[in-house]
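Residue numbers (the numbering used here): 206 to 297.
We put the beta carbon where it would ideally sit given N, CA and C, even for glycine.
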């Protein structure tokens, strides 16, 4: 932290300024996220060890809200901030 602010600029953004998720699809290799502002962003399953190791059925069993995707069966949560800023998940 510098001057009380995180050094990573992505962490300085107010969560209320992030776009809301409107839909989520999971393919064999990718998670595709659509946002209410019309943008679509995808990321590889390889960003998450838990998603990589999950069965296809477990990958398809998810819920989402405006800011997070939840895979309860495999104890995985991925946030909009990670999706938008292309940050590979660190807790592998």
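| Item | Value |
| --- | --- |
| Cβ neighbours of residue 271 in the same chain (closer than 7 Å, five flanking residues each side left out) | 225 and 226 |
| Alpha helix (DSSP H) segments (min. 4 residues) lying fully within the stretch 235-297 | 254-258, 261-265 and 285-289 |
| Distance CB(residue 263)-CB(residue 276) smaller than 8 Å | yes |
| Nonlocal neighbours in the same chain, by C-beta distance under 7 Å from residue 250, ignoring five residues either side | 234, 235, 236, 256 and 257 |
| C-alpha gap between residue 229 and residue 278, whole angstroms | 17 Å |
| With 16 other Cβ atoms within 10 Å as the buried cut-off, status of residue 281 | buried |
| The beta strand (DSSP E) enclosing residue 232, as first and last residue numbers | Neither: residue 232 is in no beta strand (DSSP E) and is coded neither H nor E. |
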